[in-house]
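Structure record follows, encoded as structure tokens.
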Amino acid sequence: MRTEVRFRGRPRDAKLVEFVEARAARLPAWMRSEVRTARVWITDQNGPRGGHDCLVRVQLMSYGMGRVLVEGRGENALSGVAGAFERAALVGAARAERDRGFGLDTIRRAS
60 MRTEVRFRGR PRDAKLVEFV EARAARLPAW MRSEVRTARV WITDQNGPRG
110 GHDCLVRVQL MSYGMGRVLV EGRGENALSG VAGAFERAAL VGAARAERDR
160 GFGLDTIRRA S
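Structure representation (structure tokens):
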């Protein structure tokens, strides 16, 4: 799976890119095999003022599921990335459950 990370309103951070790649690698195995590209946009909306201002968008693209686009918010980028990837896994599993009859049970067992 190819991972693309883009930053807006904040400097590029190599450790954050590594964290995003690690979270993408922790998707369920059946989902990792289907997803060809994970695009992540990390935006700092208020600048250095603080608060829940970090917006993270995760887009997973695959041949089987199509596109899954979710958002996560947090005080910092790490919590936003973690929340967005958890939500992306749930949405992808629900879509697979609907389309092929499997998916959500693997997410529930892993929790």
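Position one of the sequence shown corresponds to residue 60 (our numbering), numbered consecutively onward. Ideal Cβ placement from N, Cα and C applies to all residues, glycine included. Please read all numbers here as calculations on a predicted model, not as lab measurements.
Between the C-alpha atoms of residue 158 and residue 144, what's the straight-line distance to the nearest angstrom? For residue 158 and residue 144, the distance between alpha carbons rounds to 21 angstroms.
Figure out for me which residue from 112, 136, 69 and 116 has the closest Cα to the Cα of residue 97. If we check each option's Cα against that of residue 97, 116 comes out closest.
For residue 121, is the classification buried or exposed, using 16 other Cβ atoms within 10 angstroms of its Cβ as the cut-off for buried? buried
Does DSSP classify residue 103 as helix, strand or coil? Secondary structure of residue 103 (DSSP, three-state): strand.
Can you tell me the Cα-Cα spacing of residue 101 and residue 72, whole angstroms? 11 angstroms
Confirm, please, whether the CB-CB distance from residue 103 to residue 67 is below 9 angstroms. With contacts defined by Cβ atoms closer than 9 angstroms, residue 67 and residue 103 form a contacting pair.
Smallest Cα separation from residue 134: which of 83, 105 and 88? 105
Residue range of the unbroken alpha helix (DSSP H) whose run includes residue 134: Taken as a continuous stretch (DSSP letters only), residue 134 belongs to no alpha helix (DSSP H), as it is neither H nor E.
Could you tell me the alpha carbon to alpha carbon distance between residue 75 and residue 113, rounded to whole angstroms? 13 angstroms
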